[in-house]
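Below you'll find the structure, written out as structure tokens, and then a few comments.
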Amino acid sequence: MNNQILFINSSQHLNGNTVQMGMRLLKKYDYKTLSLINYKVGFLGQSDNNDELDKIFTEIKNSKVLIIGTPVYWHYMSGALKTFIDRSSESSLENPFKGKHLYFFLQGSAPTELSKELILYTMERFATQTEMIWEGAATNERELHLLKVKFEKNNRI
1 MNNQILFINS
11 SQHLNGNTVQ
21 MGMRLLKKYD
31 YKTLSLINYK
41 VGFLGQSDNN
51 DELDKIFTEI
61 KNSKVLIIGT
71 PVYWHYMSGA
81 LKTFIDRSSE
91 SSLENPFKGK
101 HLYFFLQGSA
111 PTELSKELIL
121 YTMERFATQT
131 EMIWEGAATN
141 ERELHLLKVK
151 FEKNNRI
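Put into structure tokens, the structure is as follows:
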């Protein structure tokens, strides 16, 4: 496999808080960062010959572990991540998600408990529907530390 660990940054910022959290989580590891903002991905139902979703699916297929991070905008995950999830069943490849280990975190300036609950529900369902192995999630720094401990236990170097 080319990149065992793929960090999917769903923020509009290439070096913002979401990326910084990902870097803290993956500090000891070699990993590849894929920023959704760098890819042209149309909304569900749009037709565009320049759509790059299959490029993202190829990166996922070549990975063993996925770390997805999102900022919380308007009480929910980023639009880029929501669009990606909406389109996740459109891969021209055989299910690129199947068997991948999924770790997830969100960050924002005081997301509500309801926001966190809805986002985590969506991510757990996404993992189930795409046949990934849900490893856990973090919604704050304390939980990120616990997720890091679990990640390091599961991915010894």
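Numbers 1 to 157, taken from the UniProt record's numbering, label the letters of the sequence shown in order.
Using N, Cα and C, we set each Cβ at its ideal position, and we do this for glycine too.
Each residue's CA atom was taken as its position, placing D30 and E117 some 31 Å apart. For G99, there is no enclosing beta strand (DSSP E), as DSSP marks it with neither H nor E.
When the five nearest sequence neighbours on each side are left out, the beta carbons in the same chain lying within less than 8 Å of the beta carbon of G79 are those of Y73, in order along the chain.
Distance check between A138 and each of L34, K32 and R24 places R24 closest, using alpha-carbon atoms only. Under the three-state reduction of DSSP output, K64 falls in the coil class, being neither helix nor strand. Per DSSP, the beta-bridge partners of Q107 are P71. By the Cβ neighbour-count rule, N154 is exposed, with fewer than 16 other Cβ atoms within 10 Å of its own.
Of all C-beta pairs linking the region 63-71 to the region 14-22, three or more are shorter than 8 Å, placing the two stretches in contact. Out of T33, D54, M132 and Q129, the CA that lies nearest to the CA of G42 is found in D54.
Within the same chain, Cβ atoms closer than 6 Å to the Cβ of I5 are found at Y29, Y31 and V65, the five residues on either side in sequence being excluded.
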